[in-house]
Amino acid sequence: MSGKQKKQMQAKEYEKYVQQMTPTHNLGLQMLKAFITGGIICTLGQVILNYCTNTLGLEKEIAGSWCSLILVLISVLLTGLNLYPRIVKWGGAGALVPITGFANSVAAPAIEFKKEGWVFGVGCKIFTIAGPVILYGIFSSWALGLIYWLMKIMGITG
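Residue 142 in numbering that gives the first Met the number 0 is what sits at position 143 of the sequence shown, and the numbering runs on without skipping anything.
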């Protein structure tokens, strides 16, 4: 067997190995789990919002702020208790897309790197996951604001 045939054989064996080791995913089931998880988080948010407006008598804007704050607090507590990663593993994007997922992305590195100290641990690593989201969110809002301003100057929008 020549060297070229040996490499081809190794490549085929490696490809077979990769196929055996790669987990298969059921897209429909993953979407259903994400829908259920996101729905539960949103339902919890709606319950909190209704409690704040109906029971506590808060205005809708203030109640919305309290709702966001409480959801973030719950997410950070669940992250600290190592429960939120389990929720994310089961619910996928349904747990990552809401504000709770963003809170988890900030809290998880802070908890993980706390042992390295406040400056080089928490301070340096806290935005490793959320930093790009913040960066591109600010940049895209700036770019869209500039486009809107230019369109307003040209009389395209009112």
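We treat Cβ as the ideally placed atom computed from N, Cα and C, and that holds for glycine.
Computed from a predicted model, the values in this text were never measured in an experiment.
{"Item": "So, are the CB atoms of residue 97 and residue 40 less than 7 Å apart?", "Value": "yes"}
{"Item": "Start and end of the alpha helix (DSSP H) containing residue 59?", "Value": "59-79"}
{"Item": "Pick out whichever of 30, 3, 14 has its Cα sitting closest to the Cα of residue 93.", "Value": "30"}
{"Item": "Give me the Cβ distance between residue 218 and residue 77, rounded to the nearest whole Å; I'm assuming they're in contact under 8 Å.", "Value": "Because residue 218 is not part of the residues shown, which for the chain are 0 to 157, the question remains open."}
{"Item": "Please say whether residue 79 and residue 125 have beta carbons closer to each other than 7 Å?", "Value": "no"}
{"Item": "What does the alpha-carbon distance come out to for the pair residue 25 and residue 56?", "Value": "45 Å"}
{"Item": "Rounded to the nearest angstrom, what separates residue 23 and residue 17 at their Cα positions?", "Value": "12 Å"}
{"Item": "Would you check if the distance between the CB atom of residue 102 and the CB atom of residue 74 is smaller than 7 Å?", "Value": "yes"}
{"Item": "My guess is that residue 100 and residue 36 are in contact by the Cβ rule of under 8 Å, so how many angstroms apart are they, rounded?", "Value": "Incorrect: roughly 10 Å between the Cβ atoms, too far for contact."}
{"Item": "Can you tell me the Cα-Cα spacing of residue 32 and residue 84, whole angstroms?", "Value": "15 Å"}
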